[in-house]
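J.: Protein chains in written order, with numbering that gives the first Met the number 0: chain A, 0 to 328; chain B, 0 to 333.
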Amino acid sequence: MTLVQAHDLAITFDVSPPWLNRVLERQPRTLLHAVDGVSFEIEKGKTLALVGESGCGKSTLAKLLVGLYQPSRGYLKFDGLDAHATFKSPAGLQLRSRIQMIFQDPYASLNPRWTVLDIVGEPLIEHGLVTEPPALKTCVGTLLTSVGLNPLDMTKYPHQFSGGQRQRISIARALATQPEFLVCDEPTSALDVSVQAQVLNIMKDLQRKLGLTYLFISHNLAVVRHVSDQVGVMYLGRLVELADKQVLFAQPRHPYTRMLIDAIPKMHDTGRARTPVRGEVPNPLNPPPGCAFHPRCPHASERCRSERPQLLTLQGVQIACHAVEEGRI
Amino acid sequence: MSLLQVKNLVVEFAHRHGTLRALDDISFDIAPGEILGVVGESGAGKSMTGAAIIGLIEPPGRIASGQILLEGERIDQLGFEQMRHIRGRRIGAIFQDPLTSLNPLYTIGQQLIETIRAHLPLSHAQARERAVSLLSDTGISAAAQRMAHYPHQFSGGMRQRVVIALALAAEPKLIVADEPTTALDVSIQAQIITLLKTLCRQHGAAVMLITHDMGVIAETCDRVAVMYAGRIAEIGPVHEVINHPAHPYTAGLMAAIPDITQDREHLNQIDGAMPRLNAIPTGCAFHPRCPHTFAKCKSERPDLMDAGATRSACWLHDTLRDRPERSGALSSTD
Numbered sequence: 000m001t002l003v004q005a006h007d008l009a010i011t012f013d014v015s016p017p018w019l020n021r022v023l024e025r026q027p028r029t030l031l032h033a034v035d036g037v038s039f040e041i042e043k044g045k046t047l048a049l050v051g052e053s054g055c056g057k058s059t060l061a062k063l064l065v066g067l068y069q070p071s072r073g074y075l076k077f078d079g080l081d082a083h084a085t086f087k088s089p090a091g092l093q094l095r096s097r098i099q100m101i102f103q104d105p106y107a108s109l110n111p112r113w114t115v116l117d118i119v120g121e122p123l124i125e126h127g128l129v130t131e132p133p134a135l136k137t138c139v140g141t142l143l144t145s146v147g148l149n150p151l152d153m154t155k156y157p158h159q160f161s162g163g164q165r166q167r168i169s170i171a172r173a174l175a176t177q178p179e180f181l182v183c184d185e186p187t188s189a190l191d192v193s194v195q196a197q198v199l200n201i202m203k204d205l206q207r208k209l210g211l212t213y214l215f216i217s218h219n220l221a222v223v224r225h226v227s228d229q230v231g232v233m234y235l236g237r238l239v240e241l242a243d244k245q246v247l248f249a250q251p252r253h254p255y256t257r258m259l260i261d262a263i264p265k266m267h268d269t270g271r272a273r274t275p276v277r278g279e280v281p282n283p284l285n286p287p288p289g290c291a292f293h294p295r296c297p298h299a300s301e302r303c304r305s306e307r308p309q310l311l312t313l314q315g316v317q318i319a320c321h322a323v324e325e326g327r328i
Numbered sequence: 000m001s002l003l004q005v006k007n008l009v010v011e012f013a014h015r016h017g018t019l020r021a022l023d024d025i026s027f028d029i030a031p032g033e034i035l036g037v038v039g040e041s042g043a044g045k046s047m048t049g050a051a052i053i054g055l056i057e058p059p060g061r062i063a064s065g066q067i068l069l070e071g072e073r074i075d076q077l078g079f080e081q082m083r084h085i086r087g088r089r090i091g092a093i094f095q096d097p098l099t100s101l102n103p104l105y106t107i108g109q110q111l112i113e114t115i116r117a118h119l120p121l122s123h124a125q126a127r128e129r130a131v132s133l134l135s136d137t138g139i140s141a142a143a144q145r146m147a148h149y150p151h152q153f154s155g156g157m158r159q160r161v162v163i164a165l166a167l168a169a170e171p172k173l174i175v176a177d178e179p180t181t182a183l184d185v186s187i188q189a190q191i192i193t194l195l196k197t198l199c200r201q202h203g204a205a206v207m208l209i210t211h212d213m214g215v216i217a218e219t220c221d222r223v224a225v226m227y228a229g230r231i232a233e234i235g236p237v238h239e240v241i242n243h244p245a246h247p248y249t250a251g252l253m254a255a256i257p258d259i260t261q262d263r264e265h266l267n268q269i270d271g272a273m274p275r276l277n278a279i280p281t282g283c284a285f286h287p288r289c290p291h292t293f294a295k296c297k298s299e300r301p302d303l304m305d306a307g308a309t310r311s312a313c314w315l316h317d318t319l320r321d322r323p324e325r326s327g328a329l330s331s332t333d
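1. If you follow the alpha helix (DSSP H) that N20 (chain A) is in, where does it begin and where does it stop?
2. Can you list, in chain order, the residues of its chain whose CB lies under 7 angstroms from that of Q268 (chain B), leaving out five sequence neighbours each side?
3. Within 8 angstroms of any Cβ in chain D, is that where the Cβ of M202 (chain A) sits?
4. Beta-carbon of V185 (chain B) versus every beta-carbon of chain A: anything under 8 angstroms?
5. The beta strand (DSSP E) that contains H6 (chain A), what's its start and end?
6. I want to verify the contact list: residues of chain B whose CB lies under 8 angstroms from the CB of G163 (chain A), in sequence order.
7. Would a check of beta-carbon distances place N277 (chain B) closer than 8 angstroms to chain A?
8. Write down every uninterrupted run of the beta strand (DSSP E) in the segment 56-133 of chain B whose length is 3 residues or greater and which is fully enclosed by it, in chain order.
9. Measuring CB atoms only, is the segment 184-193 of chain B touching the segment 13-20 of chain B, in the sense that at least three cross pairs come out at less than 8 angstroms?
10. Could you tell me the distance, in whole angstroms, from the CA atom of S331 (chain B) to the CA atom of A306 (chain B)?
11. Could you pull the start and end residues of the alpha helix (DSSP H) that T281 (chain B) belongs to?
12. So, at 6 angstroms on beta carbons, what are the nonlocal neighbours of C313 (chain B) in its own chain, with the 5 sequence-adjacent residues on each side left out?
13. Between P257 (chain B) and chain A, is there a C-beta pair that is closer than 8 angstroms?
14. Name the residues in the segment 174-201 of chain B whose C-beta lies less than 8 angstroms from a C-beta of chain A; which are they?
15. Counting only C-beta atoms, is A196 (chain A) closer than 8 angstroms to chain B at any point?
16. Based on the DSSP secondary-structure assignment, which residues constitute the bridge partners of A224 (chain B)?
17. On the DSSP bridge list, what partners appear for Q229 (chain A)?
18. Can you list, in chain order, the residues of its chain whose CB lies under 6 angstroms from that of L276 (chain B), leaving out five sequence neighbours each side?
19. Return yes when the Cβ of L165 (chain B) is within less than 8 angstroms of the Cβ of T114 (chain B), no when it is not.
20. Any idea what DSSP makes of F293 (chain B), helix, strand or coil?
21. Report the rounded CA-to-CA distance for R25 (chain A) versus G78 (chain B), giving the unit in angstroms.
22. Please classify Y74 (chain A): does DSSP put it in a helix, a strand, or coil?
23. Would a C-beta distance cut-off of 8 angstroms place M202 (chain A) and V226 (chain A) closer than the cut-off?
24. At a CB-CB cut-off below 8 angstroms, which residues of chain B make contact with A262 (chain A)?
25. Counting only C-beta atoms, is Q95 (chain B) closer than 8 angstroms to chain A at any point?
26. For S300 (chain A) and T176 (chain A), which I take to be in contact (beta-carbon distance under 8 angstroms), what is that distance rounded to the nearest angstrom?
27. Compute the distance between the beta-carbons of R310 (chain B) and E233 (chain B), then report whether it is under 8 angstroms.
28. With 16 as the cutoff for other CB atoms within 10 Å, does E324 (chain B) come out buried or exposed?
29. Taking Cβ to Cβ, would you say M0 (chain B) is nearer than 8 angstroms to G65 (chain B)?
30. Note down, in chain order, each residue of its chain lying with its Cβ closer than 6 angstroms to the Cβ of F86 (chain A), except the 5 sequence neighbours on either side.
31. Compare the Cα-Cα distances from E172 (chain A) to each of A:I216, A:G236, A:F102 and report the closest residue.
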């Protein structure tokens, strides 16, 4: 069953200089297309991972999905409901309790002046799920236990915990309202590897136990391979490839996906010289015409320089590349 | 002869609640032209080791005992002025964030020329010529024009190239690179690592590469030192440490890293976290988290001892003791 369906989601930020400057300098408005027409579906109980380099719109998309931003185009359907319309209606509170988010930095996302009880208990009170203080304590205790923390920790403050423990508090807070869909924005990138393994294992266990659906954002393809069912690769605000994990890692099609996978240092085949891809991510304010990847792509043709490729389903994989479509690679 | 020798280095921080030992009895050496990786989790003392070598430990931290020898000459007791002549000239440094290691108020050209002239007896014109050639060596196109640009006009990857050019400006024999690619995206990281490796080989510089990314180590280094709680847990050739780790911490660390080339249902996890400096366990600092702990681990601290192809600070490799049955072989891949 499809739980989350995004159709042509887009968000544009107006980053123009002030009105007077624009008039005097005769400059048009400057628009930043942070997310530009992204469509995907996530089955219930599955994980879609989004990967890409900084500035490709991953985090903006995450904020769109939980309703922190309004899309400027497209819609998001959650369990058949138009999510962004519902968020504004009285039923929005109920919908919000079903969609929760885990943020990247566990040092910035927990209020340093609140105890763990306040932090984890806040969504419970806010959504009216628990009102009595003793029941709240029991509830928070159960949540802490489910992420591998001690219920006695609830009287402590965030600074008394290590990074990994803080991220578990974040997870406990996100789970408080018994959500169905969790948007995880780089949940482990601020953590050390041994701690990252602990957090990833907890997230996988919870998914199995509670039937959670994840949207998992990361720049680390190895982590993505470990947690996901489906992988979407983003470049400059657009999806360039969307495929099942097995297919994507066994046979990456899009030149950018290949480049990303090739760029990762491999642990067990040491000493191999790589051919790093030249160039850097272009400025999103002034993206190249045609396919945004063409200046870095070894397979770019005249068509790639002028015509923007659409996301097409080719051999069971959604991919936006002229070279793949024409069978050149 | 070794280019750099570190012998029994101890770095302490005096604190009103007692003295904290950030580095506890560290010894290793670097051969000329060698790339030594230093890997570990946050707080393991990797950066502190680098800072001690380039003489940049901030008070109240101080080198409490031990020696650092560069080409056979002690450099740990030098004064600030003497150390200034070594830094840049004989030991170059590359830091994590290229934006903070460049002065935003000077052009790239001014910074390069200043560095070159501070260390080498060159005229302004000669220094400029050298700066341009260094910049183009690092793969910056139109180097002569870009000399007039300020750091903010460069992207992150380009800035790190400038920092590498700065570090190599006076042809140092050793470069201490502290997390040089951590702030960069993977595609840029690959470019910078390849560049660092090629340039250091061309210039004959040895590198001490500090990072938390085992993949970077695997691809770049000749040898690797794994640090835990201010000590070296294991040191040896990079292939051996990765494929046949001898220390339980190294083995756990390897198994905890998700692998892009294979699917694993469950990652191996090392329970607990690295101890804080004010609560280092007795004996082996890793014993509360170690699956192979026995009585001696809790009371006596192991030093580095031979363990096959690597050296490991673990009582499991003590040849003089009656070894109890090891519960399962240490392995990296399962």
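Every residue, glycine too, gets a C-beta built ideally from N, C-alpha and C.
T.: In short, the structure shows the following:
1. Per DSSP, N20 (chain A) belongs to the alpha helix (DSSP H) from 18-24.
2. A255
3. Among the protein chains in the structure shown, which are A and B, there is no chain D.
4. It does; some Cβ of chain A falls within 8 angstroms.
5. 1-13
6. A272
7. no
8. 60-69, 90-93
9. no
10. Since pLDDT at S331 (chain B) reaches only 40, below the 50 mark, its modelled position is unreliable, and no value is offered.
11. From DSSP, T281 (chain B) is part of no alpha helix (DSSP H); its letter is neither H nor E.
12. H246, P301, listed in sequence order.
13. yes
14. D184, V185, S186, I187, Q188, A189, Q190, I192, T193
15. yes
16. B:V37, B:I234
17. A:L47, A:D243
18. L19
19. For T114 (chain B) and L165 (chain B), yes; Cβs fall inside 8 angstroms.
20. Of the three classes helix, strand and coil, the one that applies to F293 (chain B) here is coil, per DSSP.
21. 59 angstroms
22. strand
23. yes
24. V185, S186, Q188, A189
25. no
26. Incorrect: roughly 50 angstroms between the Cβ atoms, too far for contact.
27. yes
28. Because E324 (chain B) sits at a pLDDT of 46, beneath the cut-off of 50, its placement in the model cannot be relied upon, and the point is left open.
29. no
30. Contacts found: G66.
31. Per the sequence shown, residue 172 (chain A) should be read as Arg rather than Glu. Nearest C-alpha to R172 (chain A): A:F102.
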